[in-house]
Amino acid sequence: RLVYVLNGPNLNLLGKRQPEIYGHVTLADVEAECRTLARELELEIKFHQSNREYEIIDWIHAAREEAGGIVINPAAFTHTSVAILDALNTFEGAIIEVHISNVHKREAFRHHSYVSLRADGVIAGCGTQGYALGLRRVAALIEPVAV
Ligand code: DQA
3 RLVYVLNGPN
13 LNLLGKRQPE
23 IYGHVTLADV
33 EAECRTLARE
43 LELEIKFHQS
53 NREYEIIDWI
63 HAAREEAGGI
73 VINPAAFTHT
83 SVAILDALNT
93 FEGAIIEVHI
103 SNVHKREAFR
113 HHSYVSLRAD
123 GVIAGCGTQG
133 YALGLRRVAA
143 LIEPVAV
């Protein structure tokens with residue numbers, strides 16, 4: 003029950019970057035919350051952020067080998083990256099797409115997501131809580147733990 007939590011460009015600045023849109027919680031806070039929740043859900047997580055498209059693609063390829071699910075906030079690559087969509091299409095497990103802000107309330111160019119063509123679910127506008135919601139959904143979608 004390994005889950006990758008992947009974050010795209012500029013999310014390293016979470017908490018400092020446009021806090022009126024993205025809030026004051028940092029990515030380190032998000033990671034800590036995900037790790038606490040993962041223990042409760044009996045998941046193991048690998049948590050990554052990159053500003054480089056190829057690194058996100060390489061992590062998706064690594065997830066193919068070992069993970070049952072991916073929670074991904076592709077950030078701006080959501081709206082531009084056929085390459086990330088193609089990589090996700092090679093992954094057989096559960097995928098939940100997360101956006102901190104409600105992208106549908108924002109500029110028109112944020113309304114289209116390549117990643118949504120593959121994602122099993124999409125969470126937008128729930129703030130950084132969206133990561134926890136995404137992890138809970140992935141946990142429900144992947145193999146239940148033996149009791
Ligand atoms: C985002 C929304 C994207 O449109 C934007 O480019 C981001 C963050 C979000 O979490 O709300 O960088 O994915």
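Counting along the sequence shown from 1, when you hit position 63 you're at 65 in full-length UniProt numbering, and nothing is skipped either side.
Just so you know, even glycine gets a beta-carbon here, dropped at the ideal spot from N, CA and C.
When you compare only the Cα positions, how much space is there between residue 48 and residue 6?
5 Å
If contacts are defined as beta-carbon pairs under 8 Å, then residue 55 and residue 77 qualify, I think. What distance do you get, rounded to the angstrom?
Not confirmed; about 11 Å, so no contact.
Report back the beta-carbon spacing between residue 101 and residue 75 to the nearest angstrom; my notes put them in contact at under 8 Å.
6 Å
Confirm, please, whether the CB-CB distance from residue 127 to residue 104 is below 8 Å.
yes
Could you spell out where the alpha helix (DSSP H) holding residue 131 opens and where it closes?
131-143
Under 6 Å Cβ to Cβ from residue 72, same chain only, skipping five residues before and after it: list those, please.
Same-chain partners within the cutoff: 6, 65 and 97.
So residue 145 packs on residue 117, CB below 8 Å; how close in whole Å?
Not really, about 23 Å apart at Cβ, beyond 8 Å.
Just to confirm, are residue 13 and residue 29 a CB contact at a threshold of 8 Å?
Taking 8 Å as the Cβ cut-off, residue 13 and residue 29 qualify as a contacting pair.
Please tell me whether, using a cut-off of 7 Å, the distance from the CB of residue 103 to the nearest non-hydrogen atom of ligand 1 is below it.
Taken from the Cβ of residue 103, at least one heavy atom of ligand 1 lies inside 7 Å.
Mapping DSSP to helix, strand and coil, what is residue 23?
helix
Give a single yes or no on whether residue 112 has its beta carbon closer than 7 Å to a heavy atom of ligand 1.
For ligand 1, at least one heavy atom lies less than 7 Å from the Cβ of residue 112.
How many Å lie between residue 83 and residue 121 at the Cα?
Rounded to whole angstroms, residue 83 and residue 121 show a C-alpha spacing of 14 Å.
Decide if residue 157 is buried, meaning its Cβ has at least 16 other Cβ atoms within 10 Å, or exposed.
The displayed coordinates of the chain run from 3 to 149. Any statement about residue 157 would go beyond what the structure contains.
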